[in-house]
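Numbered per my numbering, the sequence shown spans residues 276 to 995.
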Amino acid sequence: MAILNKIRQRSLILILVIALALFAFVIQGVIDNPNAFSNSQGVVATVNGTDIDVTDFQQKVKNYQDRSGGRISSSQAMNAIYNQEVSNIVLDEEFEALGLSVEKDEMRDLLKNSFQSNPEFQDENGNFDVNRLNAFISNLKDISPDSAPLTSAGQTVNINYDIWTNNEQSIASSSLKQTYYNLVKAGVNTTIAEAKDEYLAEAKNVNIRFVQIPYASISDSLVEVSKSDVKAYMKDHEQKFKADANREVVYVEFKEEASKEDEEAIKAELLKLKNDRAEYNESSGNTDTIPGFDSVKDVAEFINSNSDIKYNDTFLTAGLIPAESKENIISLEVGEYYGPYKEAGFFKLSKMIAKDQLPDSVKTRHILIPFIGAASAGPDVTLTREQANNQADSLYNILKSDNSKFDDFVTEYSTDQGSVNNGGRYDWFPYNRMVAPFRDFSFKGKTGDMGVVETAYGFHIIEIEGQKGESDVYKIATLARKIEPSQKTLDDVYNKATKFEIAAKDGDFNALAKEQELVVKPITFKELDENIPGLGSQRQVVRWFFEEGRDEGDFKSFPVSGFGFIVAKLVEKNEEGLMSVEDASVIALPQIRKEKKAKMIREKIKATSIDEIAKNQGQSPKTASALTLKNTTIAGAGVEPKVVGAAFGLEQGKTSKPIDGEKGVYVIEVTKVTEATELDNYTSIVNRLNAAKRGAAQGKVYQALEKSAEIEDNRAKTVF
276 MAILNKIRQR SLILILVIAL ALFAFVIQGV IDNPNAFSNS QGVVATVNGT
326 DIDVTDFQQK VKNYQDRSGG RISSSQAMNA IYNQEVSNIV LDEEFEALGL
376 SVEKDEMRDL LKNSFQSNPE FQDENGNFDV NRLNAFISNL KDISPDSAPL
426 TSAGQTVNIN YDIWTNNEQS IASSSLKQTY YNLVKAGVNT TIAEAKDEYL
476 AEAKNVNIRF VQIPYASISD SLVEVSKSDV KAYMKDHEQK FKADANREVV
526 YVEFKEEASK EDEEAIKAEL LKLKNDRAEY NESSGNTDTI PGFDSVKDVA
576 EFINSNSDIK YNDTFLTAGL IPAESKENII SLEVGEYYGP YKEAGFFKLS
626 KMIAKDQLPD SVKTRHILIP FIGAASAGPD VTLTREQANN QADSLYNILK
676 SDNSKFDDFV TEYSTDQGSV NNGGRYDWFP YNRMVAPFRD FSFKGKTGDM
726 GVVETAYGFH IIEIEGQKGE SDVYKIATLA RKIEPSQKTL DDVYNKATKF
776 EIAAKDGDFN ALAKEQELVV KPITFKELDE NIPGLGSQRQ VVRWFFEEGR
826 DEGDFKSFPV SGFGFIVAKL VEKNEEGLMS VEDASVIALP QIRKEKKAKM
876 IREKIKATSI DEIAKNQGQS PKTASALTLK NTTIAGAGVE PKVVGAAFGL
926 EQGKTSKPID GEKGVYVIEV TKVTEATELD NYTSIVNRLN AAKRGAAQGK
976 VYQALEKSAE IEDNRAKTVF
């Protein structure tokens with residue numbers, strides 16, 4: 276009681292202590308997560324004031340991935356849906372301003388156009404039945420949120436009512452976009468003056484004499500470029516040097532690779548399988564002899580039970596055997612071994628099972644009689660296996676005495692649509708083209724042989740019509756074991772990576788790497804990047820280095836699936852804006868040098884004629900003929916648009932001032948101008964230019980709309 280009284284007396288103090296503790300907990304959460312009270316956590320992006328809700332966005336991403344059948348990654352799906360949502364918002368504003376919409380009758384027509392070829396929505400005559408479509412939609416609504424199968428383009432997917440409504444919205448949106456872009460294209464036209472300019476650019480031509488003083492004639496060492504020069508160039512070409520935020524990171528690798536000891540152990544396991552071995556049988560109390568590779572009778576079962584690569588029961592030509600092991604294998608006698616040897620990530624022990632000579636290619640004709648359950652058997656197939664066999668035998672017995680009926684039997688009985696129209700023939704196919712029983716009969720028999728062969732597709736009556744060439748072939752049984760690290764090696768790699776990470780806390784990252792003979796590799800990535808060269812999809816790495824509060828010098832160990840570990844360190848944080856002078860120098864230096872060299876060359880040119888300038892500069896005069904504005908390539912000089920443009924601005928016989936070209940400074944003289952003959956009609960050119968302009972209009976108009984939109988992208992904070 277005394278304790279309870281003391282608690283009551285100090286209840287105010289206790290309440291204050293608890294309140295302070297809760298406040299500290301909340302404040303710590305805000306420090307750890309600066310976006311805790313930000314609306315951006317529930318908003319993927321804001322486009323012109325319209326939010327893209329994260330929950331709705333994630334559902335659309337899931338639906339998109341479901342429709343793709345798992346063929347795309349989550350990051351790819353997120354980017355696709357993000358672009359789609361931004362496009363919808365930007366264009367919806369345009370649709371609203373223009374009063375564009377999809378009405379109920381139009382939506383019905385759009386659905387008909389989208390699904391009229393789907394058998395699920397057709398009547399018994401193959402015509403589109405809107406009632407079947409309506410019934411399907413109604414059923415989806417009734418069973419929501421459950422799914423129902425829908426077959427389209429030969430692929431069946433399960434969809435629910437939400438997916439269907441999203442699909443309807445997508446169809447409507449596509450229709451609106453097409454209407455909008457058609458309106459834009461209708462306003463894009465070419466004038467007669469533009470068509471005339473286009474014609475003249477192709478038809479008018481000039482001949483020139485010129486002298487080129489190459490920039491390469493001045494050594495780079497003679498051209499001084501300062502940091503202020505780079506800054507000035509960046510200011511004049513600001514757009515060229517704008518950069519997204521990125522992180523410059525270095526990392527070292529700890530690969531989970533098999534050690535020499537692991538490899539020796541794998542080879543020893545293969546060799547152990549070669550010989551018979553004794554094994555105690557607990558149930559019988561006896562010691563059984565387990566056949567090895569040397570004595571086993573069922574080679575296929577032995578290989579499939581003990582190898583990481585299944586048995587291949589086919590003959591191989593020398594060209595199909597890997598080059599690195601071919602000579603050693605084809606020189607084996609039947610029953611001899613080669614190996615263990617390393618090949619394509621495996622250790623292998625190969626045994627020659629058989630040698631033979633087979634044709635290079637064979638020509639056959641056949642009749643296929645399928646049965647219920649056979650591969651590719653259609654719903655119209657009604658014969659059982661026994662009935663199909665009996666029918667094939669009956670036809671075969673007739674053909675043995677009257678081969679002339681073969682073509683008629685193909686037309687009447689064969690279901691192989693790939694050969695029926697060719698009299699059942701397959702012309703000159705190689706050994707590995709057909710399924711095994713068909714192949715073996717065709718290649719091991721001789722021209723004129725005919726017989727009945729069963730495959731997974733049914734019973735074939737096959738006649739060999741011809742065989743070409745002959746090659747040595749080999750049947751090889753190979754025991755293979757994937758070269759993988761042992762658990763001990765995996766533990767060693769993990770421990771090594773962990774020790775490096777711990778040591779890097781107090782040591783120099785690069786020095787530690789050098790000490791442990793590790794290669795320090797640099798990478799640079801942006802906030803929404805997914806793939807890292809050499810490492811594949813590593814979003815967790817990118818995300819970590821862009822987290823709030825991440826500082827230069829921070830580092831961390833990351834597991835990399837199927838690879839091992841990396842320890843990565845943040846070297847530099849570059850925020851959105853202009854590149855640093857150092858980074859910009861890579862682009863700017865060559866251009867600045869070119870400008871400075873052009874000025875130096877111009878100052879050296881004192882003469883006024885082509886011949887004098889060439890002589891003074893140690894160059895030779897050159898000529899170029901039939902230059903047009905549509906083709907700015909000068910023979911012997913390369914692509915020089917400024918030079919060609921200047922030529923068309925000169926009269927015949929006139930000489931230009933020095934022109935700063937792409938590869939040097941030029942002085943040109945126009946020696947001949949060939950004017951274009953005026954056309955009576957420019958309609959064909961107008962039509963051609965209209966088609967080109969309208970084809971490009973759709974992409975350009977959306978790029979302009981997106982560029983002018985106010986977009987706040989929060990993907991990296993919400994879904995990536």
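The C-beta atom is built at its ideal place from N, Cα and C for all residues, glycine as well.
Whether residue i touches residue j by CB criterion (7 Å)
| i | j | result |
| --- | --- | --- |
| Ala951 | Lys471 | no |
| Gln927 | Val942 | no |
| Ile841 | Phe833 | yes |
| Ala972 | Val524 | no |
| Lys751 | Gly699 | First, the amino acid is wrong: residue 751 is Ile here, not Lys. No; because the gap between Cβ atoms is not below 7 Å, this pair is not in contact. |
| Glu792 | Ala991 | no |
| Tyr749 | Leu624 | no |
| Ile644 | Gln666 | yes |
| Ala447 | Val505 | no |
| Lys612 | Lys630 | Reading the sequence as shown, one finds Tyr at residue 612 and not Lys. No; because the gap between Cβ atoms is not below 7 Å, this pair is not in contact. |
| Pro274 | Ile880 | Because the chain spans 276 through 995 in this model, residue 274 falls outside it and cannot be assessed. |
| Val728 | Tyr671 | no |
| Leu904 | Ala476 | yes |
| Tyr490 | Gly939 | yes |
| Thr325 | Leu375 | no |
| Ile739 | Thr659 | no |
| Leu425 | Phe370 | no |
| Lys549 | Phe568 | yes |
| Leu902 | Val500 | no |
Contact belief for residue i with residue j at Cβ below 8 Å, rounded distance in angstroms
| i | j | result |
| --- | --- | --- |
| Ile604 | Ile596 | 6 Å |
| Lys796 | Tyr526 | 6 Å |
| Asp588 | Ala575 | 6 Å |
| Tyr436 | Leu415 | 4 Å |
| Ser350 | Glu805 | 4 Å |
| Glu987 | Thr440 | At roughly 28 Å, the Cβ-Cβ gap does not stay under 8 Å, so Glu987 and Thr440 are not in contact. |
| Val481 | Ala922 | 5 Å |
| Val361 | Glu981 | 7 Å |
| Ala899 | Ala910 | 5 Å |
| Ala779 | Val816 | 16 Å between Cβ atoms; not a contact. |
Straight-line Cα distance separating residue j from residue i
| i | j | result |
| --- | --- | --- |
| Asn579 | Phe622 | 16 Å |
| Asp421 | Asn393 | 22 Å |
| Leu964 | Lys975 | 16 Å |
| Lys379 | Phe800 | 47 Å |
| Ile565 | Asp551 | 6 Å |
| Lys547 | Gly610 | 17 Å |
| Val685 | Met725 | 14 Å |
| Asn310 | Arg818 | Caution applies to Asn310, whose pLDDT of 43 falls short of 50 and renders its modelled position unreliable; the value that the coordinates give is listed next. If I take the Cα positions, the gap works out to 15 Å. |
| Asp997 | Val656 | There is no way to answer for residue 997, as the model of the chain reaches only from 276 to 995. |
| Gly924 | Ile364 | 48 Å |
| Asp307 | Lys848 | With a pLDDT of 44 at Asp307, under the threshold of 50, the modelled position of this residue cannot be trusted; read the value that follows with caution. Each residue's alpha carbon lies about 20 Å from the other. |
| Asp935 | Ala873 | 6 Å |
| Val432 | Arg708 | 32 Å |
| Ser315 | Ile356 | Confidence in Ser315 is poor, its pLDDT being 48 and thus under 50, which makes the residue's placement too unreliable to answer from. |
| Tyr339 | Ala772 | 38 Å |
| Phe312 | Ala786 | Any reading at Phe312 is ruled out, since the residue's pLDDT is 36, under 50, leaving its predicted position unreliable. |
| Val919 | Thr908 | 8 Å |
| Arg814 | Gly345 | 18 Å |
Extent of the continuous beta strand (DSSP E) to which residue i belongs
| i | result |
| --- | --- |
| Asp583 | Run containing Asp583: none; DSSP gives neither H nor E here. |
| Thr562 | Asn561 to Ile565 |
| Arg640 | Ser636 to Ile644 |
| Arg868 | Unbroken run through Arg868 is the alpha helix (DSSP H), Val856 to Lys879; no beta strand (DSSP E). |
| Val794 | That residue, Val794, is in no beta strand (DSSP E); it is neither H nor E in DSSP. |
| Ala755 | Ser746 to Lys757 |
| Asp988 | Ile986 to Asp988 |
| Thr426 | Ala423 to Ser427 |
Boundaries (first-last residue) of the alpha helix (DSSP H) holding residue i
| i | result |
| --- | --- |
| Pro257 | Residue 257 is absent from the model: the chain starts at 276 and stops at 995. |
| Gln266 | The shown model of the chain, from 276 to 995, leaves out residue 266, and the question about it has no answer. |
| Gln973 | Thr958 to Ser983 |
(request) Would you be able to state if there are at least three C-beta pairs under 8 Å between the stretch 525-544 and the stretch 768-779? (result) Touching, yes.
(message) Is it the case that the stretch 626-645 contacts the stretch 742-755, given that we only count it when at least three CB pairs across the two stretches are under 8 Å?
(response) With a cut-off of 8 Å, the stretch 626-645 and the stretch 742-755 count as touching, because enough Cβ pairs lie within range.
(request) Pair every Cβ in the stretch 483-490 with every Cβ in the stretch 876-890, then say whether three or more of these pairs are closer than 8 Å. (result) Yes, the stretch 483-490 touches the stretch 876-890.
(request) Could you tell me whether the stretch 501-517 touches the stretch 841-854, using the rule of 3 or more Cβ pairs below 8 Å? (result) Contact annotation: the stretch 501-517 touches the stretch 841-854, with at least three C-beta pairs closer than 8 Å.
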